[in-house]
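Quick mapping for you: the protein sequence lines, in order, are chains A and B. At position 440 of the first sequence the residue is numbered 440 (full-length UniProt numbering), and the sequence of numbers has no breaks. At position 410 of the second sequence the residue is numbered 410 (full-length UniProt numbering), and the sequence of numbers has no breaks. Accompanying notes for the structure given below.
Number of protein chains: 2
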Amino acid sequence: MKLKKLRDKMINNSIDFYIVPTFDPHGSEYIPENYKEREFITDFSGSAGVAIISLSEAYLWTDGRYFIQAEEQIKNTGFTLMKMGFSGVPSYTEWIGNTVEKNQTIGLDLECFPQESYEKLKSSLRFKNINIKNINLIKEIWEDRPLPPKGKVYIYEDKYAGKTSKEKLLEVRREMKNMKSEITIISSLEDIAWLFNIRGSDIKYTPLVMSYAIIEEDRALLFVDLEKISNDVKNYLESFCELYNYSDIFNYVEKYENTSIYVDKNKLNNKLFNCIDKSNEIISGNNLTEKLKSIKNSTELANIEKAYIKDGVALTKFIFWIKRTIKNKGITEYEAELKLREFRKLSKDYIYDSFDTISAYEKNAAMMHYHASEENSSTVKNSGFLLVDSGAQYLEGTTDITRTISMGNLSSEEIRDFTYVLKSHLMLATCVFLKGTTGKALDSIARYNVWKNRTDYKSGTGHGIGCFLSVHEAPPSISPRALESPMEVGMIVSNEPGIYREGKYGIRTENILKVVYDEKVDDDIFYKFNTISFAPIDIDAIDVNLLEDYEINALNSYHREVYNKISDYLTDEERKWLFEVTKNISK
Amino acid sequence: MKLKKLRDKMINNSIDFYIVPTFDPHGSEYIPENYKEREFITDFSGSAGVAIISLSEAYLWTDGRYFIQAEEQIKNTGFTLMKMGFSGVPSYTEWIGNTVEKNQTIGLDLECFPQESYEKLKSSLRFKNINIKNINLIKEIWEDRPLPPKGKVYIYEDKYAGKTSKEKLLEVRREMKNMKSEITIISSLEDIAWLFNIRGSDIKYTPLVMSYAIIEEDRALLFVDLEKISNDVKNYLESFCELYNYSDIFNYVEKYENTSIYVDKNKLNNKLFNCIDKSNEIISGNNLTEKLKSIKNSTELANIEKAYIKDGVALTKFIFWIKRTIKNKGITEYEAELKLREFRKLSKDYIYDSFDTISAYEKNAAMMHYHASEENSSTVKNSGFLLVDSGAQYLEGTTDITRTISMGNLSSEEIRDFTYVLKSHLMLATCVFLKGTTGKALDSIARYNVWKNRTDYKSGTGHGIGCFLSVHEAPPSISPRALESPMEVGMIVSNEPGIYREGKYGIRTENILKVVYDEKVDDDIFYKFNTISFAPIDIDAIDVNLLEDYEINALNSYHREVYNKISDYLTDEERKWLFEVTKNISK
Numbered sequence: 001m002k003l004k005k006l007r008d009k010m011i012n013n014s015i016d017f018y019i020v021p022t023f024d025p026h027g028s029e030y031i032p033e034n035y036k037e038r039e040f041i042t043d044f045s046g047s048a049g050v051a052i053i054s055l056s057e058a059y060l061w062t063d064g065r066y067f068i069q070a071e072e073q074i075k076n077t078g079f080t081l082m083k084m085g086f087s088g089v090p091s092y093t094e095w096i097g098n099t100v101e102k103n104q105t106i107g108l109d110l111e112c113f114p115q116e117s118y119e120k121l122k123s124s125l126r127f128k129n130i131n132i133k134n135i136n137l138i139k140e141i142w143e144d145r146p147l148p149p150k151g152k153v154y155i156y157e158d159k160y161a162g163k164t165s166k167e168k169l170l171e172v173r174r175e176m177k178n179m180k181s182e183i184t185i186i187s188s189l190e191d192i193a194w195l196f197n198i199r200g201s202d203i204k205y206t207p208l209v210m211s212y213a214i215i216e217e218d219r220a221l222l223f224v225d226l227e228k229i230s231n232d233v234k235n236y237l238e239s240f241c242e243l244y245n246y247s248d249i250f251n252y253v254e255k256y257e258n259t260s261i262y263v264d265k266n267k268l269n270n271k272l273f274n275c276i277d278k279s280n281e282i283i284s285g286n287n288l289t290e291k292l293k294s295i296k297n298s299t300e301l302a303n304i305e306k307a308y309i310k311d312g313v314a315l316t317k318f319i320f321w322i323k324r325t326i327k328n329k330g331i332t333e334y335e336a337e338l339k340l341r342e343f344r345k346l347s348k349d350y351i352y353d354s355f356d357t358i359s360a361y362e363k364n365a366a367m368m369h370y371h372a373s374e375e376n377s378s379t380v381k382n383s384g385f386l387l388v389d390s391g392a393q394y395l396e397g398t399t400d401i402t403r404t405i406s407m408g409n410l411s412s413e414e415i416r417d418f419t420y421v422l423k424s425h426l427m428l429a430t431c432v433f434l435k436g437t438t439g440k441a442l443d444s445i446a447r448y449n450v451w452k453n454r455t456d457y458k459s460g461t462g463h464g465i466g467c468f469l470s471v472h473e474a475p476p477s478i479s480p481r482a483l484e485s486p487m488e489v490g491m492i493v494s495n496e497p498g499i500y501r502e503g504k505y506g507i508r509t510e511n512i513l514k515v516v517y518d519e520k521v522d523d524d525i526f527y528k529f530n531t532i533s534f535a536p537i538d539i540d541a542i543d544v545n546l547l548e549d550y551e552i553n554a555l556n557s558y559h560r561e562v563y564n565k566i567s568d569y570l571t572d573e574e575r576k577w578l579f580e581v582t583k584n585i586s587k
Numbered sequence: 001m002k003l004k005k006l007r008d009k010m011i012n013n014s015i016d017f018y019i020v021p022t023f024d025p026h027g028s029e030y031i032p033e034n035y036k037e038r039e040f041i042t043d044f045s046g047s048a049g050v051a052i053i054s055l056s057e058a059y060l061w062t063d064g065r066y067f068i069q070a071e072e073q074i075k076n077t078g079f080t081l082m083k084m085g086f087s088g089v090p091s092y093t094e095w096i097g098n099t100v101e102k103n104q105t106i107g108l109d110l111e112c113f114p115q116e117s118y119e120k121l122k123s124s125l126r127f128k129n130i131n132i133k134n135i136n137l138i139k140e141i142w143e144d145r146p147l148p149p150k151g152k153v154y155i156y157e158d159k160y161a162g163k164t165s166k167e168k169l170l171e172v173r174r175e176m177k178n179m180k181s182e183i184t185i186i187s188s189l190e191d192i193a194w195l196f197n198i199r200g201s202d203i204k205y206t207p208l209v210m211s212y213a214i215i216e217e218d219r220a221l222l223f224v225d226l227e228k229i230s231n232d233v234k235n236y237l238e239s240f241c242e243l244y245n246y247s248d249i250f251n252y253v254e255k256y257e258n259t260s261i262y263v264d265k266n267k268l269n270n271k272l273f274n275c276i277d278k279s280n281e282i283i284s285g286n287n288l289t290e291k292l293k294s295i296k297n298s299t300e301l302a303n304i305e306k307a308y309i310k311d312g313v314a315l316t317k318f319i320f321w322i323k324r325t326i327k328n329k330g331i332t333e334y335e336a337e338l339k340l341r342e343f344r345k346l347s348k349d350y351i352y353d354s355f356d357t358i359s360a361y362e363k364n365a366a367m368m369h370y371h372a373s374e375e376n377s378s379t380v381k382n383s384g385f386l387l388v389d390s391g392a393q394y395l396e397g398t399t400d401i402t403r404t405i406s407m408g409n410l411s412s413e414e415i416r417d418f419t420y421v422l423k424s425h426l427m428l429a430t431c432v433f434l435k436g437t438t439g440k441a442l443d444s445i446a447r448y449n450v451w452k453n454r455t456d457y458k459s460g461t462g463h464g465i466g467c468f469l470s471v472h473e474a475p476p477s478i479s480p481r482a483l484e485s486p487m488e489v490g491m492i493v494s495n496e497p498g499i500y501r502e503g504k505y506g507i508r509t510e511n512i513l514k515v516v517y518d519e520k521v522d523d524d525i526f527y528k529f530n531t532i533s534f535a536p537i538d539i540d541a542i543d544v545n546l547l548e549d550y551e552i553n554a555l556n557s558y559h560r561e562v563y564n565k566i567s568d569y570l571t572d573e574e575r576k577w578l579f580e581v582t583k584n585i586s587k
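The following block contains the structure:
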């Protein structure tokens, strides 16, 4: 039906292929409602994917986190799933490169397409005479499309940010000098929020402001819907930068000539990139703010650690509650999610969740990013696993944590898998590594144990996390697909190996790691991780005989810490229970 | 003195910088004596390094394996060492890129410089008007330069090669088709020897023939010094290829026009590359033979495993001999090397060593590639470690194995380090990994334990090995610097983590691994390693309390295999001893 309407528009506009990626103009991971065009056309609600529609075919590409969910959601839409990363499955650029014929036309909205993606698409089409037409056809058929967000901008105070915007601008300008660039255009919303110490509410789960910025050697320019700015915020911002309206960016960028301009082609959209005059020299790479932002300062680190205590208290209370309640009555996944949120709301400075809670019982948890709704939610009973992956935005920081909770009567396969996930988790958590080691290298250390178990997980092992920003923040990444970027002291990264058995269950144990300095021996500098998230790991689901001695010690010592950090904030009953479930295990 | 002579020649030829890399015309690792120009000018005898001489400065770049040795050898030559990989140390291309001034001239011999290196050098010089002059100045000052090698070519029989040259040509042509290339020029000597099933003796330690090859869709051309070819070999070769003289390659390549030509820029020298007419399309990548050659066929594998038994017998006899002899008298490192060779020579089909034996006592072993000579050799006494890294060429295959042998009275630091090297070794040897996993990913699994010990080794963990070819064979490589090339079933790779304490001792435990199929679970295919080299690992040097249970089991089960495979070939006395030193250890 929707596909039919779209194809009619394609015919009217002489478009042979129409591409619907998952982007806003800023290359954001989570995008404002009005930009969710791929979800509109495919019904697939995951955070990543690309749809391509021809007059006869319609495909959706998404990654391993979403295979099961996507299959489900696109069932009656006319789309076929392309499983990214599977051998023999072409990438969407390969597919279109091989499929498109001479003189055909590809349509897509180039304001919502990063320059890097555009260049990749272009190069997959080499040797052929193909038109890429800047057009938005979804707009024309999406009748109840939401309005653009209008959230107010507020100041992220120095007591949280730890560094003033002026100090951060100095650091960025130092990087600009290193890169021999005179100006940098920033379009990534996280980077702008971090740099200007502002937050907003234009995007669900993340306190971001739709905006662009330009940093020159002695000026800072912020492009934002001025209606979102109160007088106080205006006064704050104008003390170090100039304010322009959001859509002025295009005309403004056109004015630069003979300038060396630093841009992040993964974030800058093609339409804006095309506004840059040819007389300029373009220097491209990851946003200069990206690495600066990922290395948390001491104020941020102290606050983030506070946020994780609050978060651990809520999750611990929740685990106690559900383990007790489930003995007498079933609870839906959705009710469990609500209850967990209730516990989080007890904390001062809880703002909202940092992503869709995954409260997934038994086979639902095999879908890595499953989300129960009020209408569609399984009932948790007193057997099997409930996987709960959740997080929140506190003023002090952004959290993310997963526990897989035994509801009772586990099979030996479930216990074995849970134990191997724990082995993988502990191996990464306790590893020591040479300065310069990349997240890519650490990924195989994490996978070593699940591989021993002849299992693998189709997601990365860990991702960076913002400070009251995005729950997924580059560059930290522990993944076989990560860039060659070394882990640095002060970075925050998740540790979330898992095992997913389609149709049966899913297991994930996730804590958050802080990279710390360990020791210098001769010329070698070593780093290690400190785990900064705290909640009991379910000892009911562990086969201690599968653990090596060092793993038992590591788990016991983590559980000591959980008790010490969390118990003060619990009721007597909860505390007594926590004492029991964090006691030493042994062979 | 030599540097003075070279600088005089530089002045006469208006050369500001002269580069002496370590290459022959074929990008070989080990090079014929007459091409050892870098060794001639720097006195550094290691297998890798680049020298750059300006009128006022002289530097030698080499990698971590050679830092200590190079420091020693260049002491009085006027060269300064540049430690590659150290932070703050520029690469030689970075250094020259930053140092050279407008209109200056760089001289080097472009017949001994791969195209890839040339392009890197060129690009490091961008924005500057620099001449690169094709000139060989070393030739002019090297008075007793050896003559080019004249070794006879012989046929590597099918019972060893496992596949005829005709079959291999079919496979190469299939790859050529995949790469849409009409011809491929091969200049790598290992690849030519493998493809044509010939061997020779032009290069020390490796049975190679100085040669070039061109494969067309229906012709195979071999360029080789025809004086090296007997009538029998001529008849064999002419049954499927055409023979040309070695130096005819340059004129021959010039003739191609409007052809798509596949080349390996890492191997093809710049002089030959420049012979390719501009009308041709150049497709570049690793030699198409490289991966085919690295995946050993079943005949090769069976033979290689036989060679490793022979080799293990020799090494086991040697360890018995030295442990017994050392009780009564000192032995020099050099004598130990000779004795080991004596044991190897007992095997039929032993040809010669596959590289310079490293027989290194105590602090000498901290130099990763130390080589004792008759004149300069420490005396091994009854304390500390003797590290012996050696290998041989048998008709059945090429071997490489290292043991670090306790001579008695080890310190607790030595025992701890030996045990951590063993932990690293066992972790890699017993790991299971997903199909598609790269050697780069496996490297950090191997390093996990030495990092726990706050140590690191500045070499890779493992390298591929040829079948009666080079002891280092790409693409298999377990290293943080490895390319993104997955491990495949049938590949052979070494497992040689180590700990090197400058001025004190060096420890390395090296076995050879064969990649084998493990299991398919759902959509995931798993591989693992089988260790195919056998000799006791010194249990006198192990602190069993530092081992996890799985490590104890892995070591005991390896030692069972050592006894079963080796004991039949020993004297009664040796066998009794082997039984003792391979018995189960426990906590």
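Just so it is clear, CB atoms sit at the ideal spot from N, CA and C, and this is done for glycine as well.
What are the boundary residues of the beta strand (DSSP E) that includes residue i?
i, result
"A:D82", "Just to set this straight, residue 82 of chain A is Met in the shown sequence, not Asp. A:M82 -> beta strand (DSSP E) spans T80 to K83."
"B:Y156", "Where B:Y156 is concerned, there is no enclosing beta strand (DSSP E), given that its DSSP letter is neither H nor E."
"A:R454", "Unbroken run through A:R454: none, as it is neither H nor E."
"A:T184", "I183 to I186"
"A:L222", "A220 to V224"
The alpha helix (DSSP H) spanning residue i covers which residue range?
i, result
"A:N556", "D549 to I566"
"B:A429", "S412 to A429"
"A:W95", "Y92 to T99"
"A:I283", "Note, A:I283: premise wrong, no alpha helix (DSSP H); beta strand (DSSP E) at E281 to S284."
"A:D8", "K2 to N12"
"B:G312", "S298 to T325"
Name the DSSP bridge partner or partners of residue i?
i, result
"A:N530", "A:K514"
"B:T402", "B:D389 and B:E510"
"B:D277", "Answer is none; B:D277 lacks a bridge partner."
"A:N495", "A:N511"
Practice prompt. Return the residues of the stretch 425-456 of chain A that lie within a Cβ-Cβ distance of less than 9 Å from chain B, sorted by chain order.
Written response: M427, T430, C431, V432, F433, L434, K435, G436, T437, T438, K440, A441, L442, D443, S444, I445, R447, Y448, W451, K452, N453, R454, T455 and D456
Worksheet item: Are three or more beta carbon pairs between the stretch 181-196 of chain B and the stretch 276-295 of chain B nearer than 8 Å?
Response: yes
Worksheet item: At a Cβ cut of 7 Å, what residues of the stretch 519-543 of chain B count as close to chain A, listed as they run along the chain?
Response: E519, V521, D524 and F526
Item to complete: Pull out every residue of the stretch 82-94 of chain B whose Cβ sits closer than 7 Å to any Cβ of chain A, in chain order.
Response: none
Worksheet item: Listed in chain order, which residues of the stretch 549-569 of chain B have Cβ atoms closer than 9 Å to some Cβ of chain A?
Response: D549, Y550 and E551
Worksheet item: Any contact of the stretch 380-389 of chain A with the stretch 319-327 of chain A, i.e. 3+ C-beta pairs under 8 Å?
Response: yes
Discussion item. Quick test of the definition: if touching needs 3 or more C-beta pairs under 8 Å, does the stretch 443-460 of chain A touch the stretch 424-444 of chain B?
Written reply: yes
Item to complete: Examine the Cβ distances between the stretch 362-373 of chain B and the stretch 498-506 of chain B and report whether three or more of them are shorter than 8 Å.
Response: yes
Worksheet item: Would you call the stretch 456-467 of chain B and the stretch 469-488 of chain A touching, i.e. three or more CB-CB distances under 8 Å?
Response: Taking a cut-off of 8 Å for Cβ pairs, the stretch 456-467 of chain B and the stretch 469-488 of chain A do not touch, as fewer than three such pairs fall below it.
Worksheet item: Would you say the stretch 153-164 of chain B touches the stretch 126-145 of chain B, given that touching needs at least three Cβ pairs under 8 Å?
Response: no
Worksheet item: Along the stretch 479-500 of chain A, what residues have a CB closer than 7 Å to any CB found in chain B?
Response: From the stretch 479-500 of chain A, only P480 have a Cβ closer than 7 Å to chain B.
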